[in-house]
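A.B. asks:
In our numbering, the protein residues as written are 3 to 167.
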């Protein structure tokens with residue numbers, strides 16, 4: 003079992019990586035259509051567990067507090083989305099069935115897309131009777147597919163190979 007200091011250090015590292023990644027790529031990290039490259043860290047909860055869950059959650063809180071044009075709704079909503087996404091990925095993958103890592107990544111993608119896309123629809127004041135209400139959800143889904151399901155999964159597999167050696 004890892005000691006508490008190491009877990010805190012790992013969580014801090016993931017939080018810093020997440021926040022810096024979002025803020026450095028702010029033009030594509032915030033908006034109704036977004037690709038949040040730092041979300042590639044979310045699937046790492048499958049390998050590293052709670053330090054990643056805590057890190058990407060805290061990192062999102064910091065990044066959204068410092069850079070989001072959507073205010074407190076994005077600060078709180080994005081933080082909850084990352085907490086749920088990374089926790090789901092971790093728990094689903096711990097079941098260890100064939101395809102559990104891919105399902106964990108997909109569940110993270112869907113949870114981020116529905117939560118963030120949902121409140122972005124509300125913030126953008128898109129009427130639900132309009133044909134455009136799903137645009138933010140689809141926009142976040144496409145960006146999250148790139149960052150979580152593609153980049154995050156590839157990062158996860160690369161780190162797994164390095165850790166096994």
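Glycine included, every Cβ here is placed at the ideal spot set by N, Cα and C.
Would you call the segment 68–80 and the segment 119–130 in contact, with 3 or more CB pairs under 8 Å?
C.D. replies: Touching, yes, given that three or more Cβ pairs across the two stretches are closer than 8 Å.
A.B. asks: Is the separation between the beta-carbon of residue 91 and that of residue 45 shorter than 9 Å?
C.D. replies: Along the chain shown, one-based indexing puts residue 91 at 89. Along the chain shown, one-based indexing puts residue 45 at 43. Closer than 9 Å, so yes.
A.B. asks: CB-CB under 7 Å to residue 21, same chain, minus the five flanking residues each way: which ones, in chain order?
C.D. replies: Reading the chain shown from its first residue, position 19 is the one you call residue 21. The answer, listed in chain order, is 61, 64 and 65.
A.B. asks: Is the closest heavy atom of the ligand GTP to the C-beta of residue 20 under 8 Å?
C.D. replies: With respect to the ligand GTP, the structure offers nothing, as it holds no ligand at all.
A.B. asks: With distances taken from CA atoms, which of 24, 115, 138 and 43 is nearest residue 157?
C.D. replies: Looking up residue 157 in the chain shown gives position 155. Closest by alpha carbon: 43.
A.B. asks: Using three-state DSSP, classify residue 135 as helix, strand or coil.
C.D. replies: The residue labelled residue 135 in the question sits at position 133 within the chain shown. Residue 135: coil per DSSP, three-state reduction.
A.B. asks: When we look at the beta-carbon of residue 175 and count the other beta-carbons within 10 Å, is it buried (16 or more) or exposed?
C.D. replies: Absent from the structure is residue 175, since the part of the chain shown begins at 3 and ends at 167.
A.B. asks: How far does the alpha helix (DSSP H) with residue 40 in it reach, from first residue to last?
C.D. replies: In the chain shown, the residue the question calls residue 40 occupies position 38. Residue 40 -> no alpha helix (DSSP H), and no H or E assigned at all.
A.B. asks: Could you check where the alpha helix (DSSP H) with residue 16 kicks off and where it finishes?
C.D. replies: If you number the chain shown from 1, residue 16 lands on position 14. First-last of the alpha helix (DSSP H) with residue 16: 6–26.
A.B. asks: In chain order, what residues of the same chain have a beta carbon less than 6 Å from the beta carbon of residue 85, not counting five sequence neighbours either side?
C.D. replies: If you number the chain shown from 1, residue 85 lands on position 83. So the qualifying residues of the chain are 59.
A.B. asks: Checking 9 Å against the spacing of the C-beta atoms, do residue 162 and residue 49 come in under that value?
C.D. replies: Against the chain shown, residue 162 aligns to sequence position 160. Against the chain shown, residue 49 aligns to sequence position 47. For residue 162 and residue 49, yes; Cβs fall inside 9 Å.
A.B. asks: Compare the beta carbon distance of residue 87 and residue 111 with 9 Å and say whether it is the shorter of the two.
C.D. replies: The residue you call residue 87 lines up with position 85 of the chain shown. The residue you call residue 111 lines up with position 109 of the chain shown. For residue 87 and residue 111, yes; Cβs fall inside 9 Å.
A.B. asks: By Cβ distance, which residues of its chain are closer than 6 Å to residue 106, with the 5 residues on each side in sequence left out?
C.D. replies: On the chain shown, residue 106 is found 104 positions in, with the first residue counted as 1. The residues are 48, 91, 94 and 95.
A.B. asks: Exposed or buried, which one is residue 80 when buried takes at least 16 other CB atoms within 10 Å?
C.D. replies: The residue given as residue 80 occupies position 78 in the chain shown. Looking at its Cβ environment, which holds 16 or more other Cβ atoms inside 10 Å, residue 80 is buried.
A.B. asks: What would DSSP say about residue 100, mapped onto helix, strand or coil?
C.D. replies: Taking the first residue of the chain shown as position 1, residue 100 is located at position 98. Residue 100: coil per DSSP, three-state reduction.
A.B. asks: Quick check: the Cα distance between residue 98 and residue 23, rounded to an integer number of angstroms?
C.D. replies: The count along the chain shown starts at 1 and reaches residue 98 at position 96. The count along the chain shown starts at 1 and reaches residue 23 at position 21. For residue 98 and residue 23, the distance between alpha carbons rounds to 30 Å.
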